[in-house]
Each structure stands twice: as C-alpha cells, then as structure tokens.
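Quick note on this note's numbering: the sequence shown kicks off at 1083 and runs consecutively. A virtual CB, placed ideally from N, CA and C, is assigned to each residue, including glycine.
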Amino acid sequence: MIALSIAHDFEKPSGLRPGGIDPRDPNLPTCPGWQDVEGGREIRLVLDGDVSKYRGVPEITILEGEEAIDAAVADFARVDYTMTDTALVTAHLKELGLTIDAVKNSDREETKVGLWDRLMAAFGKALPQKTAEDVDQMAQTLEEKLHTLGVAGVARTERNPPSAARVAGWYGVK
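Below you can see the structure in the form of structure tokens.
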C-alpha cells in the first residue's frame, strides 16, 4: 500500500498539484478526512503502486505501508467546538453574570486569568491557580472555553479520518 502526502496551496485556481498531479486522476483518489485545506496538505492513495514520477518532487512525500499512511492521516484528526444555540449560551452566561464578549475578548493575560477564575467560580468549580498559558492550553477558542466550562448550547465534534486499510478496502488495494 502506497500513498502520497502532498503539500499544496489549495487557493491556487489551477487545482493541479505538485508533480503535475491532476486532482481528478482516478489512480490517485483522496478520501474525506485526508485533506487539510487550511494546512495545505492532502494524502492520496496510489492505486497502481507506481510512484516513480513522484520521487524527488520536494512537495511530495511517499508513504509506504499502512503504518506510515495511518501516522500521516492521524495528523488530520481534530476536535471542533461549535455553538449550536447562541441564545442558550447567552442565557446561560447571563444567568452567571457574564457575557460572550467578556469571554471572547479575554486576550490580555490578567484578563484571561481573571475571567477564568470568574467562570470557574460561577460554575462552582475549584481549580488550582491558572496562568494565561494554562487557560490557552485548556481552551483555544471561545467555543472550547465555553464547552470546557459546561455552558449549555456548545457541541464538541471529533473528526477522525478513516484508516489506510479502510480506504484501501474501498478501492480494492492491498
């Protein structure tokens, strides 16, 4: 089993990938979850196993074997947080004497730590003293901050791309 890890600027209008790869080439399928548009990388299975024309292309890494492919695909896994009901989030925070803007605009270190302490106190949870870095590590986005604190109306979704074996099975590759 062989795949290509391709670095690519997805904003380019041509659609062609490095090494002259045509994104519609049926011999180089990609699958949902094997593409990171923001990070500029995708993984494509090589159905015929011939990677000779891709060797030496700087933007292409040849992944040989299921383990190597799965390790590269694992980088695409992520967790997303979304506000499913803004009104519910706003009402819950209002009940606690807070606003979404206070959470969203907590950029300065002392503001972040103070806000975190207020949120934790509002939820009746006690945590050891937190620094701004601790808060940032625990919650990178507004939605993640709110989800971490148990605010109603915020959902957590895991994105786990399919394994190399599964995708290979779709295409009859061993």
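For residue 1177, the enclosing alpha helix (DSSP H) stretches over residues 1168-1177. The shortest CA-to-CA distance from residue 1083 to any of 1094, 1177, 1122, 1146 is the one to 1146.
Pairing residue 1163 with residue 1120 gives a Cβ-Cβ distance that is not under 9 Å. For residue 1253, the number of other beta carbons within 10 angstroms of its own is below 16, and it is reported as exposed. For a cut-off of 8 Å, the C-beta gap from residue 1125 to residue 1098 is around 17 Å, too long to register as a contact. The Cβ neighbour count for residue 1241, taken over all protein chains shown within 10 Å, is under 16; the residue is labelled exposed. As computed with DSSP, residue 1127 is found in a beta bridge with 1085. Nearest to residue 1178 by alpha-carbon distance, out of 1234, 1095, 1088, 1101, is 1234.
Separation of the CB atoms of residue 1089 and residue 1122 is rounded to 6 Å, and the pair is thereby assigned contact status at 8 Å.
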